[in-house]
């Protein structure tokens with residue numbers, strides 16, 4: 002059983018490349034016969050907010066599934082908090098996952114449980130704490146995301162932003178070492194978005210968590226990330242602080258960070274020449 | 034010919050998957066029984082919420098059975114045997130089968146679509162990520178809830194059906210109440226009731242298994258959940274009727 006107030010030691014957070022909590026080496030992975038990653042190397046520093054960015058379809062979410070052991074790599078190694086996922090057994094994987102929290106794109110709250118019970122869910126499943134203590138822990142976490150007053154509501158009664166904040170409270174209720182956000186800004190209004198951004202920063206600093214944020218919202222993520230990895234074509238094409246990436250001497254990085262419609266990532270899906278096609282069909286005299 | 038062969042092999046592989054899934058559910062069941070509150074909730078969902086439809090259907094089936102039986106038996110001058118005929122028909126055959134078909138339509142579809150939607154909205158993945166096995170926490174209680182609820186529903190169906198038969202046979206068609214009940218008690222044996230119990234238990238396992246399997250492995254899209262729900266009803270209905278024949282034949286020996 003995991004201790005309730007956290008068994009991990011306080012984490013110092015100097016930006017030291019050797020202090021990485023996730024190490025990915027030479028990772029290869031494909032789905033449906035299509036290679037997604039080929040020779041991917043990533044080091045995610047402990048105690049920092051790391052953003053993984055890239056155009057749609059580059060496998061950002063797949064990377065999260067690989068890091069959390071939901072899918073297995075074809076070759077290469079993934080080491081998370083000292084555990085090599087290649088040789089980990091299912092039971093050990095579950096132990097490792099108790100040290101991780103994950104915020105899903107749509108919150109993924111259990112729809113048959115109230116907000117309070119959703120946040121209490123991991124505690125009830127993994128600990129034998131007395132009800133009084135569970136109540137206290139859950140309300141503390143809900144207070145941290147500003148939703149203590151919504152404890153008795155059902156997930157269906159929440160707005161999109163509230164939904165994600167409850168999911169965030171649930172993700173931190175076991176005091177994880179690593180907190181993973183899958184596209185946390187999608188479909189949020191500016192206010193909810195600001196709230197989520199502030200929470201990511203505050204939770205990271207206050208709890209000493211390592212945060213991994215997958216997103217393609219350049220502006221939002223630039224304000225909060227310490228390190229950014231830009232993925233494209235199954236590889237890391239750029240790595241650095243958001244400022245460094247904005248002035249990165251590479252076409253693809255400039256296209257992505259600047260939001261340009263055409264560039265190395267083409268605007269058009271591959272197709273034969275349009276003019277030639279029209280000629281061939283006799284639609285042009 | 035080759036296509037037929039491939040599809041035969043595919044369906045055998047599919048059957049193997051279902052059996053493996055069943056074994057996993059059975060292996061997890063003892064631990065799930067320790068948390069009976071979860072199962073009780075599912076017995077309520079599958080059983081208690083199906084009560085009205087089961088009772089109404091039982092009543093009407095019993096009433097029709099009495100009408101048809103009365104007409105038939107009258108030709109041989111043995112209307113007094115109506116109680117026996119209706120009871121045997123209900124307890125051995127119509128009770129388990131019709132209940133199972135209704136159960137697949139009412140509770141099975143609910144189970145399949147609930148699990149499918151949980152899959153589509155990442156709730157099952159979220160549980161995995163919280164180090165909670167969704168099979169143990171979500172699927173097994175639903176499966177066991179169905180397995181327990183189904184025989185109880187079948188029994189209620191038969192009892193209400195007999196009452197319906199009595200209503201039509203005795204109150205309307207004028208069969209003597211004394212001979213209706215006494216003939217029934219004299220000629221319906223424990224083996225008849227056993228056959229009904231065995232059938233309803235097997236149908237309970239079958240319906241619940243198909244529902245949770247289809248839901249758990251549903252394609253996580255709106256269309257996928259719809260397909261899973263449809264397949265639950267269709268597969269359940271066909272397999273129930275097929276198994277019904279096998280069990281009936283086995284009891285004849």
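Residue numbers (the numbering used here), protein chains in the order written: chain A, 2 to 286; chain B, 34 to 286.
Cβ coordinates follow ideal geometry from the N, Cα and C atoms, glycine included.
Extent of the continuous alpha helix (DSSP H) to which residue i belongs
| i | result |
| --- | --- |
| residue 213 of chain B | 210 to 220 |
| residue 275 of chain A | 275 to 281 |
| residue 116 of chain B | 115 to 121 |
| residue 281 of chain B | 255 to 285 |
| residue 88 of chain B | 84 to 108 |
| residue 132 of chain A | 132 to 145 |
| residue 190 of chain A | That residue, residue 190 of chain A, is in no alpha helix (DSSP H); it is neither H nor E in DSSP. |
| residue 63 of chain B | 35 to 66 |
| residue 47 of chain A | Segment: none, residue 47 of chain A is in no alpha helix (DSSP H) and carries neither H nor E. |
| residue 158 of chain A | Careful: residue 158 of chain A lies outside any alpha helix (DSSP H) and carries neither H nor E. |
| residue 70 of chain B | 69 to 79 |
| residue 66 of chain A | 61 to 68 |
| residue 239 of chain B | 223 to 249 |
| residue 156 of chain B | 156 to 162 |
| residue 355 of chain A | Past the boundaries of the shown model lies residue 355 of chain A; chain A is included only from 2 to 286, so the question cannot be answered. |
| residue 95 of chain A | 91 to 98 |
Identity of the residues DSSP links to residue i by a beta bridge
| i | result |
| --- | --- |
| residue 177 of chain A | DSSP lists no partner for residue 177 of chain A. |
| residue 52 of chain A | A:214, A:229 |
| residue 139 of chain B | None, per the DSSP bridge assignment. |
| residue 103 of chain A | A:181 |
| residue 35 of chain A | A:32 |
| residue 26 of chain A | A:78 |
| residue 252 of chain A | Paired residues: none, contrary to the question. |
| residue 41 of chain A | A:28 |
| residue 184 of chain B | Bridge partners of residue 184 of chain B: none, in fact. |
| residue 84 of chain A | A:81 |
| residue 21 of chain A | A:46 |
Residue from the options with nearest C-alpha to residue i
| i | options | result |
| --- | --- | --- |
| residue 44 of chain B | B:175, B:268, B:145, B:69 | B:268 |
| residue 150 of chain B | A:121, A:118, A:120, A:113 | A:113 |
| residue 200 of chain A | A:144, A:62, A:159 | A:144 |
| residue 78 of chain A | A:246, A:38, A:282 | A:38 |
| residue 230 of chain A | A:33, A:36, A:56, A:35 | A:56 |
| residue 194 of chain B | B:238, B:90, B:134, B:237 | B:90 |
| residue 232 of chain A | A:63, A:32, A:193 | A:63 |
| residue 103 of chain B | B:36, B:207, B:286 | B:207 |
| residue 235 of chain A | A:82, A:23, A:27 | A:27 |
| residue 226 of chain A | A:32, A:21, A:53 | A:53 |
| residue 117 of chain A | A:103, A:107, A:179, A:132 | A:132 |
| residue 61 of chain A | A:142, A:110, A:184, A:194 | A:184 |
| residue 44 of chain A | A:241, A:34, A:96 | A:241 |
| residue 87 of chain B | B:69, B:137, B:246 | B:137 |
| residue 258 of chain B | B:73, B:154, B:192 | B:154 |
Terminal residues of the beta strand (DSSP E) in which residue i lies
| i | result |
| --- | --- |
| residue 240 of chain A | 236 to 241 |
| residue 80 of chain A | 76 to 81 |
Interface flag, residue i vs chain D, CB-CB below 7 Å
| i | result |
| --- | --- |
| residue 183 of chain B | Of the protein chains in this structure, namely A and B, none is chain D. |
task = Report the residues of the stretch 78 to 94 of chain B with a CB closer than 7 Å to any CB of chain A, ordered along the chain.
result = none
request  = Closer than 8 Å, Cβ to Cβ, to anything on chain B: give me those residues from the stretch 112 to 128 of chain A, in chain order.
outcome  = 112, 122, 123, 126, 127
Cβ contact (3+ pairs, closer than 8 Å) linking the stretch 205 to 217 of chain A and the stretch 46 to 53 of chain A = yes
Where the stretch 233 to 244 of chain A meets chain B: residues whose CB sits under 8 Å from a CB there = none
query = Per the contact definition of three or more C-beta pairs closer than 8 Å, is the stretch 65 to 85 of chain B in contact with the stretch 173 to 183 of chain B?
reply = A contact exists between the stretch 173 to 183 of chain B and the stretch 65 to 85 of chain B.
request  = With 7 Å as the C-beta to C-beta threshold (strictly closer), list the residues of the stretch 130 to 157 of chain B near chain A in chain order.
outcome  = Of all residues in the stretch 130 to 157 of chain B, those with a C-beta nearer than 7 Å to a C-beta of chain A are 154, 155, 156, reading in chain order.
inquiry  = Any contact between the stretch 81 to 90 of chain A and the stretch 259 to 272 of chain A? By contact I mean 3 or more CB pairs, one from each, below 8 Å.
reply    = no
query = Is there contact here, the stretch 117 to 125 of chain B with the stretch 94 to 104 of chain B, by at least three beta-carbon pairs under 8 Å?
reply = yes
inquiry  = Using a Cβ distance threshold of 8 Å, determine whether the stretch 138 to 157 of chain B contacts the stretch 209 to 219 of chain B, with at least three qualifying pairs required.
reply    = no
query = Is there contact here, the stretch 116 to 135 of chain A with the stretch 158 to 171 of chain B, by at least three beta-carbon pairs under 8 Å?
reply = yes
inquiry  = Taking beta-carbon pairs under 7 Å, can you tell me which members of the stretch 197 to 230 of chain B lie near chain A?
reply    = none
query = Going along the chain, which residues of the stretch 256 to 271 of chain B sit with their C-beta nearer than 8 Å to a C-beta in chain A?
reply = none
query = Which residues, in order along the stretch 95 to 118 of chain B, keep a beta-carbon less than 9 Å from a beta-carbon of chain A?
reply = Here the close residues number zero.
key: Contact between the stretch 179 to 192 of chain B and the stretch 129 to 141 of chain A (3+ Cβ pairs under 8 Å)   = The stretch 179 to 192 of chain B, when compared against the stretch 129 to 141 of chain A, does not touch it at the 8 Å Cβ threshold.
ask   = Taking Cβ-Cβ distances below 9 Å as the criterion, which residues of the stretch 34 to 67 of chain B are in contact with chain A?
value = none
query = Name the residues in the stretch 158 to 180 of chain A whose C-beta lies less than 7 Å from a C-beta of chain B; which are they?
reply = none
message = With three or more beta-carbon pairs closer than 8 Å as the criterion, would you say the stretch 126 to 134 of chain B touches the stretch 266 to 281 of chain B?
response = yes
ask   = Within the chosen definition, does the stretch 169 to 183 of chain A reach the stretch 95 to 105 of chain A through at least 3 CB pairs nearer than 8 Å?
value = The answer is yes - the stretch 95 to 105 of chain A touches the stretch 169 to 183 of chain A, with three or more Cβ pairs under 8 Å.
Near-chain B residues of the stretch 51 to 85 of chain A (beta-carbon distance less than 8 Å), N- to C-terminal order = Listed in sequence order: 69, 71.
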